[in-house]
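J.: Okay, here's the structure, questions in a sec.
In the numbering used here, the protein residues as written are 2 to 234.
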């Protein structure tokens, strides 16, 4: 299939997913304004980071006055999964020019990875075309929704508890992601430690919870697999 055909196929497949990220983008923009960021700073954060969970975590930390080093470290920890995504999808783009690889790396998200890898396994497609058809709309819609959230958030009355939206968004992201022992352990340990460490200086509870959650997930995954094999015998 031609590049354009596969690009359109990617657009079609990602359409339902795009609808799901609209409310998260709106909340991210509004929360950035509520945290004290200027409109330009909020837009810059959205463009540079372009990662829903990491962006929301950064906004929360910046709103609490955390040092920039802590914010950057937290964003890096939360986004560690992108390293695994990149390693997994890289063989499909061996023949792609470096400039395209750089663009596709920037556009990599959970949704773009999942849809693309599934499609690549099932059919022979123009992989660059399909991937960009999936990833580009996600970027465009996220930036637009963030911008709308910034504009709307700047007009929200101060008495509305806008900051309460962030925990709700994180819960909405967390619950569907719990699929096995590894993800359950990561969510439980990470959430518990982040909550218990909320009083630590420099807001270190969040990065501490994130690191320990990742480690817990890595330990629990093989343990859960062994237990399933034992029970299945």
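For every residue, glycine included, the Cβ atom is placed at its ideal position computed from N, Cα and C.
1. To the nearest angstrom, how far is it from the Cα of residue 102 to the Cα of residue 94?
2. What span of residues does the alpha helix (DSSP H) with residue 100 cover, start to end?
3. For the putative contact between residue 72 and residue 59, defined by C-beta atoms under 8 Å, what is the C-beta separation to the nearest angstrom?
4. Count the C-beta pairs between the stretch 23–33 and the stretch 142–149 that are closer than 8 Å, then say yes if the count reaches three, no if not.
5. Under 9 Å between the Cβ atoms of residue 7 and residue 127?
6. Assign residue 208 to buried or exposed, taking buried as 16 or more other Cβ atoms, counted over all protein chains shown, within 10 Å of its Cβ.
7. How should residue 152 be labelled, buried or exposed, when 16 other C-beta atoms within 10 angstroms of its C-beta is the threshold for buried?
8. Looking at residue 129 and residue 78, is the spacing between their C-beta atoms short of 9 Å?
9. Determine whether the beta carbon atoms of residue 210 and residue 190 lie at a separation below 9 Å.
10. Assign residue 10 to buried or exposed, taking buried as 16 or more other Cβ atoms, counted over all protein chains shown, within 10 Å of its Cβ.
11. Mark residue 195 as exposed unless 16 or more other C-beta atoms lie within 10 angstroms of its C-beta, in which case mark it buried.
12. Between residue 25 and residue 53, which are expected to be in contact by the criterion C-beta below 8 Å, what is the C-beta distance as a whole number of angstroms?
13. How big is the Cα-Cα spacing for residue 91 and residue 119?
14. Verify whether the separation of the beta carbon atoms of residue 112 and residue 135 is less than 9 Å.
15. Would you call the CB atoms of residue 186 and residue 212 closer than 9 Å?
16. Can the beta-carbon of residue 38 be found less than 9 Å from the beta-carbon of residue 27?
17. Under 9 Å, do residue 56 and residue 50 count as touching if we go by C-beta distance?
T.: Let me spell this out:
1. 8 Å
2. That run of the alpha helix (DSSP H) goes 99–107.
3. 5 Å
4. At 8 Å Cβ cutoff, the stretches touch.
5. yes
6. Looking at its Cβ environment, which holds 16 or more other Cβ atoms inside 10 Å, residue 208 is buried.
7. exposed
8. The answer is no: Cβ separation not under 9 Å.
9. yes
10. buried
11. buried
12. 5 Å
13. Residue 91 and residue 119 have their alpha carbons spaced roughly 14 Å apart.
14. In this structure, residue 112 lies near residue 135, with their beta-carbon atoms less than 9 Å apart.
15. no
16. no
17. yes
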